[in-house]
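First comes the structure, then the notes that go with it.
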Amino acid sequence: MSQRRVSWLINGLLGLLALLTLFPLIWMVSVALMPTGASSNYPPPLLPAHPTFIHFQQLFAQQHMGRYFLNSLIVATSATLLALLLNAMAGYAFAKLRFRGRDTIYAVLLAGLLIPAQVTMIPLFGLLKLMGLVNSYAGAVLPSAASIFGIFLVRQYALSIPEDLLDAARIDGASEWRIFRSVVLPLLVPILVTLGVFVFLATWNDFMWPLIVLTGRDMQTLPVALAGLSREHIQDNELMMAGAVVTVLPVLILFLVLQRFYLRGILLGSIKG
Amino acid sequence: MSARANTRGYAQSQSGWLFALPALALIGVFFLLPVIGALLLSFTDFDLYALADVGNLRIVGLHNYHTLLITPMFWKALGNTTVFVILGVPLSLIASLGAALLVDSRLTRFKDFFRTALFAPVVTTLVAVALIWRYMLHTRYGLINYLLTHLGLPAIDWLGDPHWSMPAIVLLAVWKNFGYNMIILLAALQNIPEDLYEAARLEGASAWHCLRHVSLPLLVPTLTLVSIITVSGYFQLFAEPYVMTQGGPLQSTVSVLYFMFEQGFKWWNLGFASAVAFVLFALILVLTLLQLRLARRLGET
């Protein structure tokens, strides 16, 4: 085969693969814009003949979508802010500050990475019930506020901060907290963006834990509410697709804007050990 | 001088602790403590009565594990999950590797676009995209059956036939996840020095030969890694059947975690459900170690 032919083949295959990958997402938007019942035709229509926003209006006016959206936003934003602060501090400490037991604790943490979060869910539910945090934002946020992965990510990055820089600040008499705030934090910004996107997307998309801990309807996040709605409105494709669009669009946009940071997080996370 | 260095070291040790403490406290309380709690709970009959009053809690030893082994639904759930893993992991890895090789090719144009497009499903919300797949897989007016019948194939009752329900969930999972491993494999491919290919080509090696004898052997560590991530991730199947099939039809998509969820949070058999969680954890751990050992042996030969 000539080079040109191979080039056509490779690019053609990739085009096909990209089409298969993106099609469900594009169609989701298309069906969301169809009038009620239009998607239940055969053959299934690809584009709405008469686009309408009625399902979005209905979701927000009758199905409390605004409330679920707000819940998701509160949970994901507070988890992200807490995770940034706590993991940045801890990750920096594990990388640059010498303290007793540091290496042992770090080894224990890394071993903990092997344990799936689902193992903890049952006692965690009992614990939060004791603390009176079942069906509260705190109950959804606190378990993901600090994470081993987050500490690991920040530590890997902080290792490259030159020791001289910190020592110079110490000789100038700066306190450790001040050094962290004015010398370390600015240097950590790129990895903190990565961590922030990671935590936001993970908490926004999370399903099992919010399903368990947010027991009241008005506390539900978008994925939990959407799963509930889909059981009640099993025939109403257009309404469900509108709900799916509202749920997916924010994270998809966030990813597209910050994808460089997000992809780096995956690569850093995959060279554990 | 040394006394001063010592006080400084002491101050650093103290602040080191202070910096790490908030995160460690949260991880301790909300992760490590519950892990130990789960192990302990699995030896008790913790249920709704005990949730109301801890005084009702009794220690039952290995009773939960014994019950588990003689519960047909657990074996069914384990079987279903195994089918999902056996179908899903190879398909995911092949899709990831294929996509990575295509995007990495010197002849590929618009690399950045393709990389982003193929990765997009990874960041989407599973519940939301499960709904569009449920629509596409609809027996009567689903697009997939429309295409099948156009190719002269029989329509399939994807989510209603117990033989097809798990493969349908596999389709969704592969579509949603292959981009993740693609990114990792792509980075590994780009790390292979160009000289190695040059040298192989000078000796007259074909593209296939380069792939088989240059790329793939160098990818073994990365492939092991993504395989471990994928196997352990796929054993944690839950949201897909919850949204697509609710475990049906005929319980053909009840996964181990789905079983745990129902036992724990529907029937409130929390001690029993903890035992389920621990068995799943042990299983994932053993499979991880097995893959590591297998990869090491592969690396030696």
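Listed in order, the protein sequences are those of chains H and G. Numbering-wise (the working numbering), the first sequence opens with residue 12 and increments by one. Numbering-wise (the working numbering), the second sequence opens with residue 941 and increments by one. Even for Gly, the Cβ is constructed at its ideal location relative to N, Cα and C. Please read these numbers as outputs of a predicted model, since none were measured by experiment.
Taking only the alpha-carbon atoms, compute the straight-line gap between H/R242 and G/Y1182 and give it to the nearest angstrom. 10 Å
Where does G/T1228 sit, in a helix, a strand or coil, going by DSSP? helix
Do you know offhand how far H/S83's Cα is from G/A1139's? 54 Å
Using 8 Å as the limit for Cβ to Cβ distance, is G/W957 near chain H? yes
So, with DSSP's three-state summary, where would you put G/I1132? coil
Taking DSSP as the reference, what is the three-state secondary structure of H/T232? coil
Return the chain-ordered list of same chain residues with a C-beta closer than 6 Å to the C-beta of H/V235, the five sequence neighbours on each side being excluded. P221, L222
Against chain A, which members of the segment 262–283 of chain H pass a CB distance test of less than 7 Å? Going by chain labels, chain A is absent from the structure shown, which instead holds the protein chains H and G.
Relative to the C-alpha of G/V1023, which residue among G/F1199, G/V1216, G/T1193 is closest? G/T1193
Where G/S942 sits in the DSSP three-state scheme: The predicted position of G/S942 is uncertain, since its pLDDT is 47 and thus under 50; a value taken from the coordinates is nonetheless stated next. G/S942 falls in the helix class under three-state DSSP.
Between H/T214, H/L96, H/V204, which lies nearest to H/R192 when the distance is taken from Cα to Cα? H/L96
With a floor of 4 residues, list each alpha helix (DSSP H) that falls wholly inside the segment 1014–1077 of chain G, ordered by position along the chain. 1051–1063, 1066–1076
Proximal residues to G/V1043 (C-beta, below 8 Å), its chain only, five neighbours per side dropped: K1051, F1054, R1055, L1058, M1122, L1126
Please list the segments of the alpha helix (DSSP H) lying wholly inside the segment 1130–1185 of chain G, counting only runs of 4 or more residues, in order along the chain. 1134–1142, 1147–1150, 1156–1175, 1179–1184
Best match in H/E174, H/L265, H/G276, H/V204 for proximity to H/A106 [C-alpha to C-alpha]: H/E174
What's the C-alpha gap between H/L196 and H/F160? 19 Å
Using the Cα positions of H/V224 and H/S147, report the straight-line distance between them to the nearest angstrom. 8 Å
Leaving out five residues on either side along the sequence, give the residues of the same chain with a beta carbon under 6 Å from the beta carbon of H/L250. H66, H244
Kindly identify the DSSP beta-bridge partner or partners of G/T984. G/I999
Mind checking if G/S1045 is an interface residue toward chain H, Cβ cutoff 8 Å exclusive? yes
When the distance is taken between beta carbons, is H/L164 closer than 8 Å to H/G280? yes
Is there a Cβ from chain G that is less than 8 Å from the Cβ of H/V86? no
Since I believe G/K1016 is in contact with G/Q1203 (beta carbons under 8 Å), could you give me their beta-carbon distance rounded to a whole number of angstroms? Not really, about 13 Å apart at Cβ, beyond 8 Å.
Residue range of the alpha helix (DSSP H) that includes H/R181: 174–182
Are the CB atoms of G/T1162 and G/A1128 within a distance shorter than 8 Å? yes
Meets three-Cβ-pair contact criterion under 8 Å: the segment 1071–1082 of chain G and the segment 45–52 of chain H: yes
Compute the distance between the beta-carbons of H/V145 and G/A978, then report whether it is under 8 Å. no
Just to check my reading of the structure: H/L274 and H/F80 have Cβ atoms closer than 8 Å, yes? What is that Cβ distance to the nearest angstrom? Actually they do not touch by this definition, with Cβ atoms about 27 Å apart.
So, helix, strand or coil for G/W1104, using DSSP? coil
For the alpha helix (DSSP H) containing H/D217, name the first residue and the last one. Looking at the DSSP string, H/D217 is not in any alpha helix (DSSP H), and its letter there is neither H nor E.
Is G/V1160 close to chain H? Criterion is C-beta to C-beta, closer than 8 Å. no
Is H/T32 closer than 8 Å to H/P46 when the C-beta atoms are compared? no
Could one say the Cβ of H/F209 lies closer than 8 Å to chain G's Cβ atoms, at least one of them? no
Is DSSP giving G/M1200 helix, strand or coil here? helix
Using the beta-carbon of each residue, which ones in chain G are nearer than 9 Å to H/V194? Within chain G, no residue comes near H/V194; the closest Cβ sits about 14 Å away, beyond 9 Å.
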